[in-house]
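The UniProt record's numbering puts the first residue of the sequence shown at 1, with every later residue one more than the last. I have placed the structure first, in the form of structure tokens, so that the comments after it can refer back to it.
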Amino acid sequence: MAATSKTKTVVVERLEGSESLTTVTATSATESATSQESFECNDFSYCDDPKDAVIDETLMPMELRGKFWKTERTLGEGGNFKVYLVRSNDGLKYAVRLSRRQDRSTKCYRKSKERQIEAASYMEKHLKNVLFPRLFGVRLLTFRRRSLHPSFQALQLDELIGYHPNIVRLVGFRKVNLCTQRFVEYVSGGDLHDFMEARRTRKKHQVGIKEVRSLFSDLMRAVKHIHNLHIAHMDIKVENCLLTPSGSLKLTDFDEAVYFEPGKKMRGSVYATKAYAAPETFDKEYRPDCADMWACGIVLFFLLRRNVPWEVAK
């Protein structure tokens, strides 16, 4: 089978304050350097980069930029996203989370760019020196300045947490047209919920107390680490506990994480998953670190009883 030529545009954008924007066009003329049979299109080819996609890899590590990624299979999904296993042309594997609500097509990207240019032009003409100075007495800042995007916040949080053997590592973000891909460490053992369900169907392989103690200890080590940094996870549940082939547990998904002041209560969003939320989180002030510990207790209950004690705590 002849190797097919494939071209993609990779945008390597410097951080705010830089002088220029660098655009790199990368061409993969031959994929025969890797195994053609193992890197050919598969049933998940619709998840791969669209033709002529504009790819921004500013928030990816340097060593991972410019690579071609193939989607191998689905790892899991939530209400607004799906997680896939992807593999690069040189064999690296990562888990990638894609939003269900983001269109990755190049056509949609181009239309969005046109709308942004039109809107910016209108704002420059009609608001920059008229409306905003009257309201605030200041001139409108340039539209080209980068705002604090959630991707930056996630990377800052990951940098603060640092390496821990029981926490899944965030690798970086890659933007394909309008779709943001979150690359994280691939943990091949699946999540704790599926692990327990598989054990339940095989009665001779029930989880023993010793194994429960080991898994829960791993979770406690991860939670202790982030709480020492004044970070609360705010979505601890069995689906966010991943297992390595050796049986170690790793905590993942810090989308709901918050900073807290030790000993101080806060009033904010309800704990992300209601079955794991402490009663006071619904209508009272509460300590985020204590809310995490309540959720850990629900995880322990699940390990021992194979289910959660309630849908919502009262």
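Where is the CB? At the ideal position from N, CA and C, for every residue including glycine. Bear in mind the structure is a predicted one, so any value in this text is a computation, not a measurement.
Taking the alpha-carbon of Glu63 as reference, which of Leu92, Val83 and Glu72 has the nearest alpha-carbon? Selected option, being the one with the closest Cα: Leu92.
What residues are listed by DSSP as bridge partners for Gly91? Looking at the DSSP assignment, Gly91 forms no beta bridge with any residue, so it has no partner.
With a threshold of 7 Å on Cβ separation, who are the neighbours of Glu239 within its own chain once the five nearest residues in sequence on each side are excluded? Here the set comprises Asp191 and His193.
For Arg221 versus Pro262, is the C-beta distance shorter than 9 Å? No. Outside cutoff.
Who are the Cβ neighbours of Glu280 in its own chain at under 7 Å, not counting the five residues just before and after it? If we look at Glu280 and ignore the five residues flanking it on each side, its Cβ neighbours are Tyr286.
Cβ pair Ser172, Leu160 closer than 9 Å: Checking the sequence, you will find Gly at residue 172 rather than Ser. Annotated as distal: Gly172 and Leu160, with beta-carbon spacing of 9 Å or more.
Just how far apart, CA to CA, sit Ser214 and Leu243? The straight-line gap from Cα to Cα measures roughly 12 Å.
Rounded distance between the beta-carbons of Val176 and Asp49, thought under 8 Å: Contact between Asp49 and Val176 holds: their C-beta atoms lie close to 6 Å from each other, under 8 Å.
Over the uninterrupted alpha helix (DSSP H) stretch that includes Val171, give me the two end residues. Careful: Val171 lies outside any alpha helix (DSSP H), inside the beta strand (DSSP E) at Leu170 to Val176.
Out of Phe260, Asp255, Arg182 and Glu256, point me to the one whose CA is closest to His230's CA. Considering only alpha carbons, the answer is Phe260.
Can you give me the Cβ contacts of Lys82 inside the same chain, cut-off strictly under 8 Å, excluding the 5 residues immediately before and after it? The residues are Thr74, Gly76, Arg97, Leu98 and Arg100.
Residues bridged to Leu98 (per DSSP): Bridge partners of Leu98: Lys82.
Using the DSSP secondary-structure output, state which residues sit across from residue 342 in a beta bridge. Only positions 1 to 314 of the chain appear in the structure, and residue 342 is not among them; the question remains open.
Cβ distance (whole Å) where Val312 is taken to contact Cys241 below 8 Å: Contact doesn't hold; Cβ gap of about 21 Å is too wide.
Specify the secondary structure class of Val184 as computed by DSSP and reduced to three states. Three-state result, Val184: strand.
Whole angstroms are fine: how far does the CA of Ser217 sit from the CA of Glu211? So the two alpha carbons sit approximately 10 Å from each other.
Quick one: is Arg200 buried, meaning 16 or more other Cβ sit within 10 Å of its Cβ, or exposed? Its Cβ having fewer than 16 others within 10 Å, Arg200 is exposed.
Arg182 classed as buried or exposed, judged by whether at least 16 other C-beta atoms fall within 10 angstroms: The residue is buried, with at least 16 neighbouring Cβ atoms inside 10 Å.
Drop a sphere of 10 angstroms on the beta-carbon of Glu57, count the other beta-carbons inside from all chains shown, and report buried for 16 or more, exposed for fewer. With 16 or more Cβ atoms within 10 Å of its Cβ, Glu57 is classed as buried.
What did DSSP end up calling residue 324 once you bin it into helix, strand or coil? The first residue shown for the chain is 1 and the last is 314, placing residue 324 beyond what the model contains.
On the criterion of 16 or more Cβ atoms from any shown chain inside 10 Å, does Arg87 qualify as buried, or is it exposed? By the 10 Å Cβ count, Arg87 comes out buried.
Could you work out which residue in Glu197, Val187 and Tyr163 is closest to Arg306 when comparing CA atoms only? Ranking the options by Cα distance to Arg306, first place goes to Glu197.
Assuming Ala272 contacts Ala232 under a Cβ cut-off of 8 Å, what Cβ separation, rounded to an integer in Å, is found between them? The Cβ separation is near 11 Å, so there is no contact.
DSSP on Met266, reduced to helix/strand/coil? Correct three-state label for Met266: strand.
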